[in-house]
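Student: Numbering (the numbering used here), first residue to last: -15 to 122.
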Amino acid sequence: MRTYRKELWFNTETRVALINITGEVEEAVRESGVREGLCLVNAMHITASVFINDDEEGLHEDFLEWLNKLAPYDPKRYRHNLTGEDNADAHLKRQIMGREVVVAITGGKLDLGPWEQIFYGEFDGRRPKRVLIKIIGE
Ligand code: ZN
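1) Measure the alpha-carbon distance for arginine -14 versus lysine 53 and round it to whole angstroms.
2) Can you tell me which of Phe35, Glu40, Lys113 puts its alpha carbon nearest to the alpha carbon of valine 25?
3) By the 10 Å Cβ neighbour count, where 16 or more other Cβ atoms means buried, how is glutamate -9 classified, buried or exposed?
4) What residues match up with leucine 22 in a beta bridge as DSSP calls it?
5) Give me the Cα-Cα distance between asparagine 37 and lysine 77, rounded to the nearest whole angstrom.
6) Would you say the beta carbon of glutamate 69 is closer than 7 Å to some non-hydrogen atom of ligand 1?
7) Please report the straight-line C-alpha distance between isoleucine 80 and valine 0, rounded to a whole angstrom.
8) Can you tell me where the beta strand (DSSP E) with isoleucine 36 in it begins and where it stops?
9) Just to confirm before moving on: does the CB-CB distance between tyrosine -12 and alanine 12 stay below 8 Å?
10) With a Cβ-Cβ cutoff of 8 Å, do leucine 22 and glycine 97 count as a contact?
11) Specify, as a first and last residue, the run of the alpha helix (DSSP H) that arginine 78 falls within.
12) Is there at least one non-hydrogen atom of ligand 1 closer than 7 Å to the beta-carbon of histidine 64?
13) Please report how far the alpha carbon of aspartate 46 lies from the alpha carbon of tyrosine 104, in whole angstroms.
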């Protein structure tokens, strides 16, 4: 069995960002040489997500509007922020949007549905953060 590990680094200019990382994950699959297997992609930080959905700008605005209704940025609203942090909203948003995705690899390619794209969801950016890609198979 082959295994392959790679980190993607991000340092977003904005506090919140949704970034399509499908191309980077495809590149990692090529580098791994795995033809049949599984690809795990996970955020390594508790205020960021990896998720799969449509790459459509209106939908991305809908996601952010929905997340801001559920967990608005507000330094005074949350108990977590009593620690002196201001990122409780980002922890909650990460929990809703998920930590990781697992995608099948078939014939050396990501076996995604027709509209499925992989995204990094940043909810407390403007600092270096990582995504882990782990590929296993043969
Ligand atoms: Zn925190």
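Backbone N, C-alpha and C define an ideal beta-carbon position, used for all residues, glycine too. On a predicted model such as this, the values are computed, not experimentally measured, just so you know.
Tutor: According to the structure shown:
1) As a first step, residue -14 must be located in the sequence shown, where it is residue number 2. As a first step, residue 53 must be located in the sequence shown, where it is residue number 69. For arginine -14 and lysine 53, the distance between alpha carbons rounds to 44 Å.
2) Taking the sequence shown and counting its residues from 1, one reaches residue 25 at position 41. Per the Cα distances, Phe35.
3) Numbered from 1 along the sequence shown, position 7 holds the residue referred to as residue -9. Around the beta carbon of glutamate -9, fewer than 16 other beta carbons sit within 10 angstroms, so the residue counts as exposed.
4) As a working note, residue 22 is residue 38 in the sequence shown. DSSP lists Ala88, Ile120 as the bridge partner or partners of leucine 22.
5) Start at 1 with the first residue of the sequence shown, and residue 37 comes out as number 53. Start at 1 with the first residue of the sequence shown, and residue 77 comes out as number 93. If I take the Cα positions, the gap works out to 16 Å.
6) Counted from its first residue, the sequence shown places residue 69 at position 85. Indeed, a heavy atom of ligand 1 lies less than 7 Å from the Cβ.
7) For the purposes of this step, residue 80 is identified with residue 96 of the sequence shown, where counting begins at 1. For the purposes of this step, residue 0 is identified with residue 16 of the sequence shown, where counting begins at 1. Between isoleucine 80 and valine 0, the C-alpha separation is close to 15 Å.
8) As a first step, residue 36 is located in the sequence shown; it is residue number 52 there, counting from the start. From DSSP, the beta strand (DSSP E) with isoleucine 36 extends over 32 to 37.
9) The residue you call residue -12 lines up with position 4 of the sequence shown. The residue you call residue 12 lines up with position 28 of the sequence shown. Tyrosine -12 is a Cβ neighbour of alanine 12, given a cutoff of 8 Å.
10) Sequence index remark: in the sequence shown, residue 22 carries index 38 (1-based). Sequence index remark: in the sequence shown, residue 97 carries index 113 (1-based). Not closer than 8 Å, so no.
11) For the purposes of this step, residue 78 is taken as residue 94 along the sequence shown, with counting starting at 1. For arginine 78, the enclosing alpha helix (DSSP H) starts and ends at 72 to 81.
12) Residue numbering aside, residue 64 sits at position 80 when the sequence shown is read from its first letter. Checking every heavy atom of ligand 1 against the Cβ of histidine 64, one is found closer than 7 Å.
13) Mapped onto the sequence shown, residue 46 falls at position 62. Mapped onto the sequence shown, residue 104 falls at position 120. If I take the Cα positions, the gap works out to 16 Å.
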